[in-house]
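J.: The structure under discussion is supplied below as structure tokens; questions concerning it will follow.
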Amino acid sequence: MKVVILAGGYGSRFGKVTDFLPKPMIPVGPFPILWHIMRYYAHFGHEEFILCTGYKSDVVKEFFLNLEAYSHDFTVDFSSTANGEVRFHDEGERFCPKVTIAYTGQDLMTGARIKRIERYLGDDSEFLMTYGDGVTDLNVNELIDFHRAHGKLATLTAVYPPAKFGDLHFDGDRITRFSEKVGNQGAMVNGGFYVFDRRLFNYLNNDAGCVLEKDPLKRISEAGELMAYRHQGYWQCMDTTRDLESLQETWASGTAPWKVWQGGYQD
């Protein structure tokens, strides 16, 4: 199944780094978070991607045009040809996706971006969709099975947001109990991992202000066509520098929950 990824975000909360990079290209370990998301989907057999780019689209294009060079050690031999003969070495990340990079505009909202890549889905009746800034250990194929079983237009993944702070309990000014931060508490939120029927495009338009998460999903919900798959496991978005630091620390630990694939880079 094709995977549509929204990869045109500015990442304005990340300071100077996004003067040079779009948010999905911010590194976590040796590779951009966008690569992590794609590698995750590929583990479940979904290796065809449509990237909806916008801000700094050229950075995304350059990365994928040179993916093999980024992923492997290599030797360039200039003794035989003026341009050099490149030999890639066996070690490295074996990831061979099919990627369509679609520039969907600089300032378009999410719904308009998705509408503009409709033709790249070909005759497919359903597709996966996510954002370029979140990771999870969700079993994508179980999500697809759930979607197909209920037969509705759309499925979103409901998750518990990670707790960021511990809880303080007071009696006047005296702290009676301190609870360290614990996940899986409070209301579930939209985790941003979707399965859509092709009928989604009937709810979208090319207006730059078309926001998927507002009127389209509201109308789909009111029509009884929006279902939630409840995921109790790991989920983390990258909304702030604190989130980024957490993801980088988790990756460096060697136990990143979203690294469901085997082998490849971990450093």
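When the letters of the sequence shown are read in order and numbered with UniProt numbering, they come out as residues 1 to 267. The beta carbon of each residue, even a glycine, is placed where N, CA and C say it ideally should be.
In angstroms, rounded to a whole number, what distance separates the CA positions of Ile-101 and Gln-236?
T.: Taking the straight line from one Cα to the other gives about 25 Å.
J.: Please identify the residue among Val-4, Ala-7, Pro-27 whose C-alpha is closest to the C-alpha of Leu-244.
T.: The candidate whose alpha carbon is nearest that of Leu-244 is Pro-27.
J.: Taking 8 Å as the cut-off, decide whether the C-beta atoms of Arg-13 and Thr-241 are in contact.
T.: Yes; because the gap between Cβ atoms is below 8 Å, this pair is in contact.
J.: According to DSSP, simplified to helix, strand and coil, what is Ala-69?
T.: Ala-69: helix per DSSP, three-state reduction.
J.: In chain order, what residues of the same chain have a beta carbon less than 6 Å from the beta carbon of Asp-197, not counting five sequence neighbours either side?
T.: Hits under 6 Å: Glu-126, Leu-153.
J.: Taking Cβ to Cβ, would you say Thr-136 is nearer than 8 Å to Gly-191?
T.: Yes, these two residues count as a Cβ contact at 8 Å.
J.: Considering only residues of the segment 23-62, which uninterrupted alpha helix (DSSP H) runs meet the minimum length of 4 residues and lie entirely inside it, listed in chain order?
T.: Entirely contained in the segment 23-62, the alpha helix (DSSP H) runs reaching 4 residues are, in chain order, 33-43.
J.: Please classify Ala-187: is it buried, with 16 or more other beta-carbons within 10 angstroms of its beta-carbon, or exposed?
T.: Ala-187 comes out exposed.
J.: Can you list, in chain order, the residues of its chain with a C-beta nearer than 6 Å to that of Lys-61? Leave out the 5 residues immediately preceding and following it.
T.: Closer than 6 Å at the Cβ level, and outside the excluded window around Lys-61, lie Ile-101.
J.: Leaving out five residues before and five after Tyr-203 in sequence, what residues of the same chain have Cβ atoms less than 7 Å from its Cβ?
T.: These residues qualify, in order along the chain: Pro-216, Arg-219, Ile-220.
J.: Taking just the CA atoms, how far does Ser-80 sit from Met-129?
T.: Each residue's alpha carbon lies about 46 Å from the other.
J.: Go ahead and pull the three-state DSSP assignment for Ala-112.
T.: The answer is helix: DSSP assigns Ala-112 an H, G or I state.
J.: Look up residue 286 in the DSSP assignment and give the residues it is bridged to.
T.: What the structure shows of the chain is the stretch from 1 to 267, and residue 286 is not part of that stretch, so it cannot be assessed.
J.: Span of the alpha helix (DSSP H) holding Ala-149?
T.: It spans 140-150 - the alpha helix (DSSP H) in which Ala-149 sits, taken as one unbroken run.
J.: What is the DSSP secondary structure of Trp-235, reduced to helix, strand or coil?
T.: Residue state, collapsed to three classes: strand.
J.: Roughly how far, in whole angstroms, is the beta-carbon of Ile-231 from the beta-carbon of Leu-138, given that I think they are within contact range, below 8 Å?
T.: Going by the sequence as given, residue 231 is His instead of Ile. Rounded, the Cβ-Cβ distance is 5 Å, consistent with contact.
J.: Output the distance between the C-alpha atoms of Leu-34 and Glu-213, rounded to the nearest integer angstrom.
T.: The straight-line gap from Cα to Cα measures roughly 21 Å.
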